[in-house]
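One structure is given here, and the rest of the page talks about it.
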């Protein structure tokens with residue numbers, strides 16, 4: 001007798017589409033594969049969804065962009081433009097009696113964007129969505145879970161994180177806000193549920209797991225701390241909710257990696273802690289103020305680890321230069337940051353995003369390795385007046401710098417030793433690698449690869465070893481920093 005094989009399918013990776021019109025959709029009803037026994041409940045996400053779906057809304061934004069000095073081709077100068085959604089503001093498409101070459105027209109391109117949003121404050125009618133959903137919008141409408149439609153206005157937006165805050169116009173008493181989880185507690189493998197409005201179909205639920213944390217989306221350069229999930233996310237899901245199995249918000253669905261324009265199970269969401277930080281700043285300041293710890297650094301690499309006797313199997317951030325006084329931040333050039341507030345930090349990108357998500361004035365606990373010894377530093381996040389802090393921390397070659405021997409005394413209180421010997425840069429030629437790496441006349445090089453430099457001969461001895469990587473410790477007036485050079 002043949003054995004009967006019974007296959008139970010787990011629906012954690014199957015889309016459930018509700019409130020959607022199936023008109024013109026060729027769909028068949030698929031019978032359940034579960035056998036329901038008396039007294040045994042079929043596994044389901046429904047109880048979770050009942051608590052949260054009313055907090056997720058559909059958003060429609062009528063937007064337009066203006067293209068100045070638009071030229072109409074001669075072949076189209078006396079007939080309607082082929083793009084029916086476009087029209088000219090200053091002139092019309094027929095361009096009668098106006099040669100195309102002489103027209104100074106402005107093209108207004110109109111389009112409609114469909115996305116999703118999440119209610120985070122029911123009393124005030126505040127909704128979080130993606131900035132790219134409402135960007136350039138002239139009119140924003142919100143459709144609630146029950147089908148009611150309301151106008152909304154923009155409260156604030158942040159291009160870098162792609163977060164926008166809108167508010168429903170009018171006093172609506174039956175709104176329900178979502179609960180928000182601490183995204184710092186997420187782990188790879190946690191179950192996720194994505195809720196949104198893909199392709200304008202209506203409320204759609206998909207599920208999966210967290211595939212990765214601290215992920216960089218190759219198509220989005222500004223933000224680099226995404227939650228990656230394999231829960232299906234498609235066009236129209238932007239601004240929707242990514243929740244955990246408690247029904248709490250852990251992220252805002254933002255982007256997908258889709259080389260073939262289709263979903264391949266790689267979706268990205270902005271962590272809830274980042275979202276709430278942005279919202280708080282919008283409500284308090286009307287804009288985003290990003291703080292910094294005030295240093296230039298780079299991810300530790302094997303050569304740096306070898307030079308500074310750091311465990312090459314571990315990850316950290318090497319501090320090239322501290323922009324503020326060491327007494328302000330407690331950090332010093334040459335420190336290697338390994339943790340923030342007790343959590344290990346793998347790279348500079350993740351550290352920057354964590355710091356950016358915290359309010360200016362917040363004191364953070366930083367774990368550093370300083371000259372082989374672990375230290376805890378308490379530093380305050382400061383506003384550096386939005387000055388651009390260069391990401392470039394490594395340079396190629398030092399050609400163009402003229403060197404001379406010196407002997408310099410310096411203050412024990414500032415530098416921890418009475419005197420220093422080294423070589424002095426006497427001249428920098430223009431348009432050379434030395435100028436590019438921002439070396440300046442009168443800079444003093446007193447260490448290379450942690451070796452003390454007494455004179456030019458010491459430099460020649462190091463260069464004769466044909467190194468592929470050099471770390472210069474430089475004194476400029478009363479400020480010391482590191483410059484990294486590759487060959």
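Residue numbers (the working numbering): 1 to 487.
All C-beta atoms in this analysis are idealised placements derived from N, C-alpha and C, irrespective of residue type, glycine included.
Of the candidates 195, 224 and 228, 228 places its Cα closest to the Cα of residue 211.
For residue 271, the enclosing beta strand (DSSP E) stretches over residues 267-271. Here the stretch 192-206 does not lie against the stretch 134-142, with fewer than 3 beta-carbon pairs under 8 Å apart.
Annotation: residue 432 is outside any alpha helix (DSSP H) and is labelled neither H nor E by DSSP. Between the alpha carbons of residue 169 and residue 47 lies a gap of roughly 31 Å. Residue 148 and residue 295 have their C-alpha atoms spaced approximately 50 Å apart. Closest in C-alpha terms to residue 320, from the list 340, 314 and 299, comes 299. Here residue 342 is not near residue 377, since their CB atoms are 8 Å or more apart. Checking the DSSP bridge columns, you'll see residue 191 partnered with 209.
In this structure, residue 198 and residue 225 do not form a Cβ contact; the two beta carbons are roughly 24 Å apart against a cut-off of 8 Å. Remark: fewer than three beta-carbon pairs, one from each stretch, lie closer than 8 Å, so the stretch 180-189 and the stretch 156-171 are not flagged as touching. Under the three-pair Cβ rule at 8 Å, the stretch 44-59 counts as touching the stretch 238-248. Assignment of residue 132 by DSSP, reduced to helix, strand and coil, places it in the helix class.
Nearest neighbour of residue 399 by Cα position, chosen from 405, 383, 373 and 438, turns out to be 438.
According to the DSSP secondary-structure assignment, residue 249 is paired through a beta bridge with 180 and 243. Residue environment: residue 285 is assigned as exposed (fewer than 16 neighbouring CB atoms within 10 Å of its CB, all protein chains considered). The alpha-carbon of residue 257 is positioned some 15 Å away from that of residue 223. The Cβ-Cβ distance between residue 209 and residue 230 falls below 8 Å. Residue 450 and residue 308 have their C-alpha atoms some 7 Å from each other.
Taking the Cβ atoms as the reference, residue 130 lies roughly 7 Å from residue 163, within the contact range of under 8 Å. Our two residues, residue 443 and residue 357, have alpha carbons roughly 36 Å apart in a direct line. Annotation: the continuous beta strand (DSSP E) that includes residue 376 extends over 373-380.
By the C-beta density criterion, residue 402 is exposed, having fewer than 16 other C-beta atoms within 10 angstroms. Between residue 121 and residue 181 a beta carbon distance of about 16 Å is seen, past the 8 Å cut, so the two are scored as non-contacting. By a beta-carbon distance limit of 8 Å, residue 172 contacts residue 125. Their separation comes to about 6 Å. Contact annotation: residue 336 and residue 345 have beta-carbon atoms that are not nearer than 8 Å. In the structure shown, the three-state DSSP call for residue 186 is coil. Per DSSP, the beta-bridge partners of residue 227 are 269. Counted as a single uninterrupted DSSP element, the beta strand (DSSP E) harbouring residue 165 occupies residues 163-168. Between residue 446 and residue 465, the C-beta spacing is not below 8 Å. Considering only 174, 183 and 457, the residue with the shortest C-alpha distance to residue 448 is 457.
Excluding the 5 residues flanking it on each side, residue 354 has same chain C-beta neighbours closer than 7 Å at 340, in chain order.
C-alpha of residue 372 to C-alpha of residue 350: approximately 23 Å in a straight line.
Considering only 136, 150 and 111, the residue with the shortest C-alpha distance to residue 127 is 150. Rounded to the nearest whole angstrom, the CA to CA distance from residue 471 to residue 302 is 13 Å. Within the stretch 290-360, complete beta strand (DSSP E) segments of at least 3 residues are found at 295-299, 317-322 and 336-340, given in chain order.
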